[in-house]
Structure formats: C-alpha cells, structure tokens
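Working notes, beginning with the structure itself.
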Amino acid sequence: MPSSSPSVIVIGAGIIGAAAALALQSAGAQVRVVDAGGETATDASFGWINASFHHDAAHYRLRAEGIAAWRRLSAQMSLPLTWQGTLCWEETGAAFDAQREALQALGYAVQEVDRTEFSRLEPHIATPPARALHFTTEAAADSPHVARSLLAEAVKRGAQHLRGFRVEGFEQSADRITGLRTPVGTLHADHVLIAAGTGSEALMQMAGTPMPMLHRPALVVRTRPVRPVLAHILVSEFGELRQLADGSLLMPAAVNHQADASENVPDDPQATAAQVLTRLSSLLPDLALDWAELTLAHRPVPQDGLPVIGAVREGLYVATMHSGITLAAVAGEMVAQEMLRGVSNTTAALLEPYRPARL
Ligand SMILES: Cc1cc2nc3c(=O)[nH]c(=O)nc-3n(C[C@H](O)[C@H](O)[C@H](O)COP(=O)(O)OP(=O)(O)OC[C@H]3O[C@@H](n4cnc5c(N)ncnc54)[C@H](O)[C@@H]3O)c2cc1C
Numbered sequence: 039m040p041s042s043s044p045s046v047i048v049i050g051a052g053i054i055g056a057a058a059a060l061a062l063q064s065a066g067a068q069v070r071v072v073d074a075g076g077e078t079a080t081d082a083s084f085g086w087i088n089a090s091f092h093h094d095a096a097h098y099r100l101r102a103e104g105i106a107a108w109r110r111l112s113a114q115m116s117l118p119l120t121w122q123g124t125l126c127w128e129e130t131g132a133a134f135d136a137q138r139e140a141l142q143a144l145g146y147a148v149q150e151v152d153r154t155e156f157s158r159l160e161p162h163i164a165t166p167p168a169r170a171l172h173f174t175t176e177a178a179a180d181s182p183h184v185a186r187s188l189l190a191e192a193v194k195r196g197a198q199h200l201r202g203f204r205v206e207g208f209e210q211s212a213d214r215i216t217g218l219r220t221p222v223g224t225l226h227a228d229h230v231l232i233a234a235g236t237g238s239e240a241l242m243q244m245a246g247t248p249m250p251m252l253h254r255p256a257l258v259v260r261t262r263p264v265r266p267v268l269a270h271i272l273v274s275e276f277g278e279l280r281q282l283a284d285g286s287l288l289m290p291a292a293v294n295h296q297a298d299a300s301e302n303v304p305d306d307p308q309a310t311a312a313q314v315l316t317r318l319s320s321l322l323p324d325l326a327l328d329w330a331e332l333t334l335a336h337r338p339v340p341q342d343g344l345p346v347i348g349a350v351r352e353g354l355y356v357a358t359m360h361s362g363i364t365l366a367a368v369a370g371e372m373v374a375q376e377m378l379r380g381v382s383n384t385t386a387a388l389l390e391p392y393r394p395a396r397l
C-alpha cells in the first residue's frame with residue numbers, strides 16, 4: 039500500500055464496521071479495525087434484509103438501496119445471504135390493501151397471493167391466510183457470518199484488525215480528531231469512523247458531540263433444528279420467523295420486532311421462550327419443537343429511531359443504526375465515498391435526513 043493512502047480507523051467490527059472497512063480498504067484507504075469484543079447486535083440479529091418496513095419515503099429509498107448494495111457486494115464475493123423473499127400477512131382488511139398499494143406506489147416488488155398460492159409456497163403452515171403479500175426481492179442474512187466474511191475480505195485486501203481493544207478517548211489537534219486512545223496505547227489516523235453499535239453513544243460523548251440513543255433490549259428464540267419446513271421469511275400476527283440453514287427456527291420474542299419500542303424485556307425468560315414456542319406450534323403443529331437458545335441483545339437505535347450516517351467533525355465520521363443488516367452494504371459504500379472522495383449527489387440525496395447534526 040503506498041504511504042499516500044489515507045489511513046482510517048474503524049471502531050467496531052459488527053456488520054456496519056466490517057462493511058465499511060471492506061469498502062474503505064477497497065477504495066484505497068489503509069484501514070485498521072479496532073474492536074472491544076463482547077455482545078454485538080450483529081450476532082443476535084434476526085437478519086431480515088427488507089424495504090417493506092420503513093418510516094417514510096426517504097427511509098424506503100435508503101432501504102431499497104440497501105438491498106441493491108447487497109446484490110452488488112454478492113456479485114463480488116460469496117456471502118451467506120439467502121434471497122428467499124418474504125410472505126407477510128400481519129395486516130388484514132383495509133390495512134392490508136393500504137400496505138400493498140403504498141409499496142406498489144413506491145415501486146417495490148410486491149405480489150398478492152391467495153390461500154391456494156400461499157399453501158403452494160409454504161405447504162407446512164397449518165392455517166394459511168386468505169391472502170398475503172409476497173416481497174420477492176427480500177433476503178435473510180446469516181449476519182454473524184456475513185460480518186466475519188466482510189472483515190476477512192477486508193483483511194485479505196490489506197486491512198488490520200485489533201481485537202479486544204476498547205476505545206476510551208480521542209486524540210485531537212486543534213479542531214480535528216487525529217486518533218484514539220485504548221488502555222494499551224494511542225493510535226493515529228487521518229480519519230476515524232465510529233461504527234460501534236450501542237457503544238456509539240459513549241464514543242460520541244467522548245468526542246464532544248453527544249448522540250443520544252434509545253434503550254431497546256430484545257429477546258430472540260432459536261429452536262433445535264427440525265426438518266426443512268419453511269422456504270420464506272414469514273411475517274404475521276404470530277411474529278417474524280425464518281428457518282436457518284441448520285434447520286433451527288429463529289423468532290424474536292416481540293411480535294412486529296422491527297417496530298418494537300419496549301424499554302424492557304419480559305422478566306421471566308423461561309415463560310417468554312415458552313410463549314414463542316406456543317406461537318410457533320400454532321403455525322407448525324406437526325413439529326415437536328423445543329428451544330435451544332434464548333438471546334438477550336440490545337438494538338442500536340438513535341434517539342429518533344432513524345439511522346445516523348455522516349461527518350461529525352474534522353477527522354470523525356459516524357455510522358450507527360437499527361436495521362443495520364439491511365443497511366450495512368449501502369452504509370459501507372457511502373462511508374467510503376464521503377470519507378475518501380467527498381459528498382456526492384447520490385450520498386447527499388440518500389443521506390440528507392440522516393446526518394448526525396439533527397440530534
Ligand atoms: C434482536 C435483534 C434483531 C434484529 N433484527 C434485524 C433485522 O431483522 N434486520 C435488520 O436489518 N436489522 C436487525 N437488527 C438490527 C441490526 O442487527 C443492527 O442494526 C446491526 O447489527 C448493528 O451493527 P453494528 O455493527 O452497528 O453494531 P454491533 O453489531 O453491535 O457491533 C458493534 C461493535 O462495536 C464494538 N464496540 C462498541 N464500543 C466500543 C469501544 N468503545 N471500543 C471498541 N469497540 C467498541 C463492539 O464490541 C461491537 O463488536 C436487529 C437487532 C437485534 C438486537
């Protein structure tokens with residue numbers, strides 16, 4: 039790598055930091071990824087890549103670009119993504135029609151399927167709905183492995199990974215952030231990216247630019263493996279559900295978990311897992327189900343619920359968001375563009391509502 043390459047330190051090796059590290063390294067930067075280890079949202083995620091859930095038209099556009107960016111990245115390297123599509127029947131009646139019409143008006147790939155077609159697509163569901171929406175371009179990510187693959191590729195291209203290093207402060211010269219402090223020394227770089235998930239709030243505070251975040255804990259149940267029974271991601275009044283490659287079923291404890299605004303999780307983990315199994319059993323009554331893993335995780339949610347992506351001050355950039363599985367590939371592309379080449383028409387148009395200054 040020529041010494042004129044800009045140096046970048048990425049704080050965080052979750053899916054956002056890993057995607058950004060790969061995009062930055064590929065675009066000519068010399069990247070170091072500094073990560074403390076421990077609980078990550080990426081390891082616990084449900085892994086649904088979609089634009090059907092969104093807050094408004096701008097958020098839809100960003101998420102749709104998120105899907106397109108995963109397609110671009112998948113064309114370059116092998117990633118554990120499954121382009122299986124989603125069947126959604128959480129709304130009924132007029133709300134169902136409104137959801138379909140709103141998504142069609144935005145240009146989303148959505149088809150209505152009737153009960154017969156639903157049963158053809160998902161023959162094991164005991165109570166097929168009268169109608170469902172089929173989001174044909176959505177995918178599921180094995181998010182821990184996607185993040186590891188992205189980081190491994192970045193390292194293969196020359197990036198370096200500092201594992202077990204907690205960032206405890208920043209170095210600055212005049213108004214510019216020039217590096218960071220860890221318990222075992224100081225590192226300097228031309229640019230620093232905060233991509234630390236829930237840890238971003240404390241880091242932004244240390245940098246003198248507070249970015250308040252919400253407390254959003256979540257529980258996710260994974261069953262013991264069963265025979266192949268599901269082909270799609272399913273979204274219904276029973277909750278969100280998908281089957282992993284090893285046969286286990288994954289379901290967040292909260293129904294409609296993407297919009298879940300709870301500040302606490304139920305205080306009886308055993309009862310929560312049992313309730314999830316009851317919901318699963320009513321969908322798939324022929325299976326003998328048992329849960330294998332109950333994970334408590336924390337979603338990185340900025341105060342207004344929307345992503346935060348952009349320059350904070352000279353030398354410092356931030357990328358922190360929920361729906362980071364959907365958005366990691368596009369966030370990586372845009373971080374690399376803006377940090378190394380400057381704001382483009384595309385990044386300005388997509389990111390204008392998500393700049394850190396609004397908080
Ligand atoms: C239960 C659950 C279900 C979800 N489902 C979906 C879904 O279906 N679809 C979707 O798109 N999104 C989903 N999300 C959200 C998504 O998982 C997150 O937005 C995404 O994983 C965030 O990735 P990240 O890299 O920002 O953070 P993380 O994966 O949390 O990684 C942050 C990293 O930063 C490191 N770090 C923190 N502080 C420091 C520090 N001071 N110094 C050094 N390192 C530090 C941590 O050690 C960690 O490794 C879900 C989240 C949860 C919890």
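Residue numbers (our numbering): 39 to 397. We put the beta carbon where it would ideally sit given N, CA and C, even for glycine.
From the options, residue whose alpha carbon lies closest to that of residue i
i, options, result
"residue 20", "107, 120, 76, 258", "What is shown of the chain runs 39 to 397, which leaves residue 20 out entirely."
"residue 240", "42, 44, 50", "50"
"residue 53", "286, 322, 233", "233"
"residue 283", "276, 293, 46, 260", "260"
"residue 92", "102, 84, 202, 83", "102"
"residue 84", "336, 347, 168, 131", "336"
"residue 82", "133, 334, 165", "334"
"residue 175", "111, 287, 380, 89", "89"
"residue 347", "256, 370, 45", "370"
"residue 225", "207, 131, 238, 236", "207"
"residue 380", "279, 62, 262, 76", "62"
"residue 210", "64, 244, 305, 252", "244"
"residue 254", "100, 178, 298, 47", "298"
Residue i classed as buried or exposed, judged by whether at least 16 other C-beta atoms fall within 10 angstroms
i, result
"residue 55", "buried"
"residue 114", "exposed"
"residue 149", "exposed"
"residue 410", "Past the boundaries of the shown model lies residue 410; the chain is included only from 39 to 397, so the question cannot be answered."
"residue 123", "buried"
"residue 382", "exposed"
"residue 362", "buried"
"residue 109", "exposed"
"residue 229", "buried"
"residue 202", "exposed"
"residue 27", "A query on residue 27 cannot be resolved here, the shown segment of the chain reaching from 39 to 397 and no further."
"residue 24", "Past the edges of the chain, shown from 39 to 397, lies residue 24, and the structure says nothing about it."
"residue 42", "exposed"
"residue 223", "exposed"
For residue j and residue i, believed in contact at Cβ under 8 Å, the rounded distance
i, j, result
"residue 141", "residue 172", "Wrong, their Cβ atoms sit about 11 Å apart, outside the cutoff."
"residue 74", "residue 265", "That belief does not hold up - the Cβ atoms of residue 74 and residue 265 are roughly 39 Å apart, past 8 Å."
"residue 184", "residue 290", "Not confirmed; about 18 Å, so no contact."
"residue 272", "residue 72", "Contact flag wrong, Cβ pair sits at about 38 Å."
"residue 127", "residue 274", "5 Å"
"residue 359", "residue 338", "7 Å"
"residue 60", "residue 191", "5 Å"
"residue 104", "residue 368", "5 Å"
"residue 416", "residue 340", "Since the displayed the chain opens at 39 and closes at 397, residue 416 lies outside it and no answer follows."
"residue 249", "residue 394", "6 Å"
"residue 181", "residue 80", "5 Å"
"residue 322", "residue 168", "Actually they do not touch by this definition, with Cβ atoms about 19 Å apart."
"residue 311", "residue 332", "5 Å"
"residue 147", "residue 87", "The Cβ separation is near 13 Å, so there is no contact."
"residue 231", "residue 48", "5 Å"
Contact with chain B by residue i, beta-carbon distance below 8 Å
i, result
"residue 227", "The structure shown contains no chain B, having only a single protein chain."
Mind the definition here: the region 61 to 72 touches the region 180 to 200 only if three or more C-beta pairs lie below 8 Å; say whether that holds.
Taking 8 Å as the limit for Cβ pairs, the verdict is that the region 180 to 200 does touch the region 61 to 72.
May I ask you to verify whether the region 351 to 360 touches the region 209 to 222, counting CB pairs closer than 8 Å and requiring at least 3?
Segments in contact, yes.
Segments of 4+ residues assigned as alpha helix (DSSP H) that fall wholly inside the region 111 to 195
Whole alpha helix (DSSP H) segments, 4+ residues: 131 to 143, 153 to 159, 181 to 194.
Completely contained beta strand (DSSP E) runs for the region 206 to 271, where each covers 3 or more residues:
With a minimum length of 3 residues, the continuous beta strand (DSSP E) runs that stay inside the region 206 to 271 are 207 to 211, 214 to 220, 223 to 226, 229 to 232, 255 to 261.
Does the region 80 to 100 come close enough to the region 150 to 160 that 3 or more CB-CB pairs lie under 8 Å?
Taking 8 Å as the limit for Cβ pairs, the verdict is that the region 80 to 100 does not touch the region 150 to 160.
What ranges does the beta strand (DSSP E) occupy inside the region 330 to 394, keeping only unbroken runs of at least 3 residues that lie completely in it?
Listed in chain order, the complete beta strand (DSSP E) runs (minimum 3 residues) inside the region 330 to 394 are 346 to 351, 354 to 358.
4 or more residues per run - each alpha helix (DSSP H) lying fully within the region 48 to 85:
Listed in chain order, the complete alpha helix (DSSP H) runs (minimum 4 residues) inside the region 48 to 85 are 53 to 64, 79 to 82.
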